[in-house]
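**Student:** Below: one structure in structure tokens.
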Amino acid sequence: AKPVIVAIDGPSGTGKSSTSKAVAARLGLSYLDTGAQYRAITWWMVTNGIDIEDPTAIAAVAGKPEIVSGTDPEGPTITVDGTDVAGPIRTQEVTSQVSAVSAVPEVRARITELQRALATTAERGIVVEGRDIGTTVLPGADLKVFLTASPEARAARRSGELNGADVNATREALVKRDAADSSRKTSPLAKAADAVEVDTTELTLQQVIECVVTLVEEKR
Ligand code: C5P
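Take a look at the structure:
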């Protein structure tokens, strides 16, 4: 069978990662978390004292860190210059700064190139999750899914993951990050015209996984 390319986009807390990983594992495909790549380059900027408020400074060093993603859905990995950053990229410090870094066009060009290289070399195909995969990174994807959910549902899921962090504060942070990601000039968070929208508000994770697996199978 020819490799199948699946793009899964949507705002935070819609179940993109859990869904994408499970679908890839079920179908024997590779998996790429593009948010982890933007978090990794942000971690490198923060660690090296680059001024996050200064897009010119960010652009000047965007090509420096070497970011490598392991694409096994059973155990995805991410390194920066050989250092495992899977833990550090999930801190509040990185989360609050990633939208500013990922809005810089030079950063996006660099990361998009890595994403396309991984997608074209995945032998059996790949599930790529992010914000602009269907619109910009892989416009020719075999299937595009856009996941949504109410802000309340998204905040509840996220604060559950963060071991009961305050739901109101979590919702505010989520809404703020989505607004920044949706309003930036270069490839904002958006639903591709040919994407299938799935509202996950009332669905369990298992139901979302079944739905996407069925959509992929219909395309094969
Ligand atoms: O998916 P996750 O929440 O880990 O993404 C972190 C951030 O990375 C997003 O808020 C967004 O700023 C950026 N991102 C992006 N384009 C993508 C994936 C993530 O700009 N394709």
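Residue numbering for the sequence shown follows the UniProt record's numbering, starting at 6 and increasing by one per position. Backbone N, C-alpha and C fix where the C-beta goes; we use that ideal spot for every residue, glycine too.
Determine contact between the segment 206-222 and the segment 96-115, defined as no fewer than three beta-carbon pairs at a distance below 8 Å.
**Tutor:** Flag = no, the segment 206-222 and the segment 96-115 do not touch.
**Student:** Quick check on the DSSP output: the beta strand (DSSP E) that includes residue 37 runs from which residue to which?
**Tutor:** Counting along the chain, the beta strand (DSSP E) containing residue 37 begins and ends at 35-38.
**Student:** Rounded to a whole number of angstroms, what is the C-alpha to C-alpha distance between residue 163 and residue 174?
**Tutor:** One C-alpha to the other measures close to 11 Å.
**Student:** Return the chain-ordered ranges of every alpha helix (DSSP H) run that is complete within the segment 38-78 and spans a minimum of 4 residues.
**Tutor:** Complete alpha helix (DSSP H) runs here, min 4: 39-52 and 60-66.
**Student:** Can we count residue 43 as close to ligand 1, meaning its CB is less than 6 Å from some heavy atom?
**Tutor:** Indeed, a heavy atom of ligand 1 lies less than 6 Å from the Cβ.
**Student:** Quick check on this structure: which residue in 87, 182 and 148 has the alpha carbon closest to the alpha carbon of residue 202?
**Tutor:** With distances taken between Cα atoms, residue 202 lies closest to 148.
**Student:** Under 8 Å by Cβ, that's how I've got residue 132 and residue 210 pegged, so tell me the actual separation to the nearest angstrom.
**Tutor:** Contact flag wrong, Cβ pair sits at about 15 Å.
**Student:** Beta-carbon separation of residue 135 and residue 10 under 7 Å?
**Tutor:** Not closer than 7 Å, so no.
**Student:** Expressed to the nearest angstrom, what Euclidean distance is found between the alpha-carbon atoms of residue 142 and residue 165?
**Tutor:** If I take the Cα positions, the gap works out to 31 Å.
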